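Under this note's numbering, the sequence shown has 120 at position 120, and the numbering climbs by one with no breaks. Just so you know, even glycine gets a beta-carbon here, dropped at the ideal spot from N, CA and C. Nothing here was measured: the structure is a model prediction, and the numbers come from that model. Data first, discussion second: the structure below is written as structure tokens.
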Amino acid sequence: MPDRIHVPDDAPLESTEKGVVPYGKKNPFPSPILRGYNLNGPGSEKETYHFELSLEGSGLDYVVGDALGVFPHNPEEQVDEILDSLPFNVNVEVPLPNGGEASLREALITGYDIRSLTPKFLKSWQARSESSGLRSMVESEDRKVMNDFCWGREVIDLVTDYPASFTDGEDFVSVLKKLQPRLYSISSSLNAHPGEVHLTIAIVRYHSHGRQRGGVCSTFFSDRADGIQPGVFVHHNKAFQLVEDNDAPIIMVGPGTGIAPFRAFLEERKLRGAKGNNWLIFGNPHRKTDFLYEEQFDSLQKEGILNRFDLAFSRDQAEKIYVQHRMEENGQDIWSWLEDGATFYVCGDATHMGKDVDAALHRIVERHGGKSEDEARDLVKSLKKEKRYQRDVY
Ligand SMILES: Cc1cc2nc3c(=O)[nH]c(=O)nc-3n(C[C@H](O)[C@H](O)[C@H](O)COP(=O)(O)OP(=O)(O)OC[C@H]3O[C@@H](n4cnc5c(N)ncnc54)[C@H](O)[C@@H]3O)c2cc1C
């Protein structure tokens with residue numbers, strides 16, 4: 001079974017005024033969303049969606065470990081609220097960040113970032129605003145104060161609370177940045193799901209400065225993607241790849257949405273008939289509501305594909321248990337698997353989990369490999385160099 005499906009010579013391409021170009025980041029493929037559902041059970045504090053998108057006819061291909069780039073749309077209600085508060089004729093055409101023109105409304109929905117504020121952005125806004133509070137903050141040049149102000153606020157907060165005088169639509173969009181695509185670790189094997197790509201998306205929602213807010217792309221998928229074909233492209237991830245050696249064991253640590261690429265790895269290893277052992281360590285708050293892909297992993301265990309499966313449900317007992325605790329409890333086995341040539345993968349949150357798992361791995365090498373702190377550091381470094389320690393943390 002090839003691990004990459006090559007683009008056929010007659011793959012459909014899109015014609016643009018610059019000629020015929022294949023789909024990619026600069027020419028994203030409008031991908032129909034085939035299915036989407038919440039993986040968390042009722043009562044969960046989390047919302048994690050499984051989405052299946054079609055790549056049929058795109059000529060796009062991917063391998064497990066790759067990510068999908070998605071161009072989201074901003075919420076229409078928020079764009080309308082901005083338009084209602086702007087002091088000029090908003091029924092105008094404006095330039096789009098990538099060239100061409102669209103109505104101001106359309107441009108704010110699909111082209112510009114109306115969400116993230118930065119100190120630089122505050123400066124250009126302040127230059128057009130009469131607000132003395134904003135002026136003294138910008139003139140202080142205190143980045144911490146400006147960053148604190150930006151945290152939890154969006155363009156709508158400036159439009160309503162710190163009005164600025166823009167001459168017209170073109171002047172308004174000139175201070176905005178381009179709406180950036182978001183990356184998602186692909187949670188399917190293309191060989192198991194020809195023509196499809198699956199994603200596992202945690203929906204970002206929070207309340208700040210008197211408003212209920214949501215992450216642009218995650219809530220785009222959960223709340224407003226009906227009937228829309230988002231532009232997508234494949235982001236090949238050379239630094240996170242399933243081992244080619246089908247006899248080699250692999251250890252995968254993926255709590256929360258970090259599970260995504262490992263669902264793909266296991267699907268791929270099953271199709272390859274790989275004989276190497278597969279060990280998955282997954283975690284989330286509660287077993288009852290947050291055991292993502294439980295049925296599929298159960299089946300993979302029964303089929304003998306998932307040879308070892310450890311779970312860390314952090315809130316199911318008085319003390320919090322995370323994936324790094326499961327690693328340390330099973331440190332002797334992790335060390336033996338590494339000695340047997342295992343590749344160690346970790347995916348998910350970079351802020352806490354990625355660091356905690358890395359520290360646990362070092363401690364395991366010290367304790368069970370009988371190494372000093374320096375020797376453990378060198379050994380982990382060499383695992384990385386040999387691509388036997390791969391991280392996809394974000
Ligand atoms: C290689 C890679 C792979 C990834 N894979 C996945 C994946 O498989 N699944 C997945 O779900 N995500 C994944 N991500 C993250 C994903 O790309 C997005 O960053 C995520 O979905 C949030 O995007 P968004 O557009 O919904 O939120 P955004 O609109 O980008 O908003 C997020 C921002 O909101 C702000 N914010 C969040 N909470 C609060 C709060 N409480 N108070 C104030 N401000 C707050 C923060 O500034 C935060 O940066 C991956 C990222 C990378 C780089």
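- Between Leu-280 and Phe-51, the C-beta gap is not smaller than 9 Å, which leaves the two residues out of contact.
- Closest in C-alpha terms to Asp-148, from the list Leu-176, Ser-116, Ser-131, Ala-164, comes Ser-116.
- Relative to ligand 1, the nearest heavy atom lies less than 8 Å away from the CB of His-235.
- The distance from the Cβ of Ala-248 to that of Ala-342 is about 7 Å, consistent with a contact at the 8 Å cut-off.
- In terms of CA proximity to Glu-268, Leu-242 leads the group Leu-242, Ser-131, Thr-289.
- Here Ile-251 is not near Ile-305, since their CB atoms are 9 Å or more apart.
- Listed as beta-bridge partners of Pro-95 by DSSP are Glu-101.
- Contact between the region 89-97 and the region 154-174 is present, with at least three C-beta pairs closer than 8 Å.
- Counting other Cβ atoms within 10 Å of its Cβ, Gln-324 reaches 16 or more and is therefore classed as buried.
- In terms of Cβ geometry, Ile-364 and Gln-229 do not form a close pair [threshold 9 Å].
- Between the alpha carbons of Arg-272 and Thr-110 lies a distance of about 40 Å.
- At least one heavy atom of ligand 1 lies less than 8 Å from the C-beta of Leu-183.
- Contact check for Ala-350 against Val-393 passes: the beta carbons are separated by less than 9 Å.
- For Ile-186, the three-state secondary structure derived from DSSP is strand.
- DSSP, read as helix, strand or coil, puts Gln-317 in coil.
- Contact between Ala-164 and Ser-129 holds: CB atoms are separated by about 4 Å, below the 8 Å threshold.
- In this structure, the beta-carbon distance from Val-175 to Ser-124 falls below 9 Å.
- Taking 8 Å as the cut-off, the C-beta of Pro-72 counts as close to a heavy atom of ligand 1.
- Only exposed fits His-209, as fewer than 16 other CB atoms lie within 10 angstroms of its CB.
- Not a single heavy atom of ligand 1 lies less than 8 Å from the C-beta of Leu-292.
- At a cut-off of 8 Å, the beta-carbon of Gly-214 counts as near ligand 1: some heavy atom of the ligand is closer than that.
- Under the rule that a run must span 3 or more residues, the beta strand (DSSP E) segments found entirely inside the region 262-316 read 278-284, 308-313.
- Residue range 67-71 is occupied by the beta strand (DSSP E) that includes Leu-68, with no alpha helix (DSSP H) assigned at that position.
- Counting C-beta atoms within 10 angstroms of its own C-beta, Pro-42 has fewer than 16 neighbours from the protein chains shown and is therefore classed as exposed.
- The beta carbons of Asp-316 and Phe-282 sit no closer together than 9 Å.
- The beta carbon of Leu-39 is closer than 8 Å to those of Thr-48, Tyr-49, His-50, Thr-200, Leu-292, Tyr-293 in its chain, skipping five residues each way along the sequence.
- For Asp-392, DSSP records a beta bridge to Cys-347.
- In this model, Gly-369 and Glu-329 are separated by some 15 Å (Cα to Cα).
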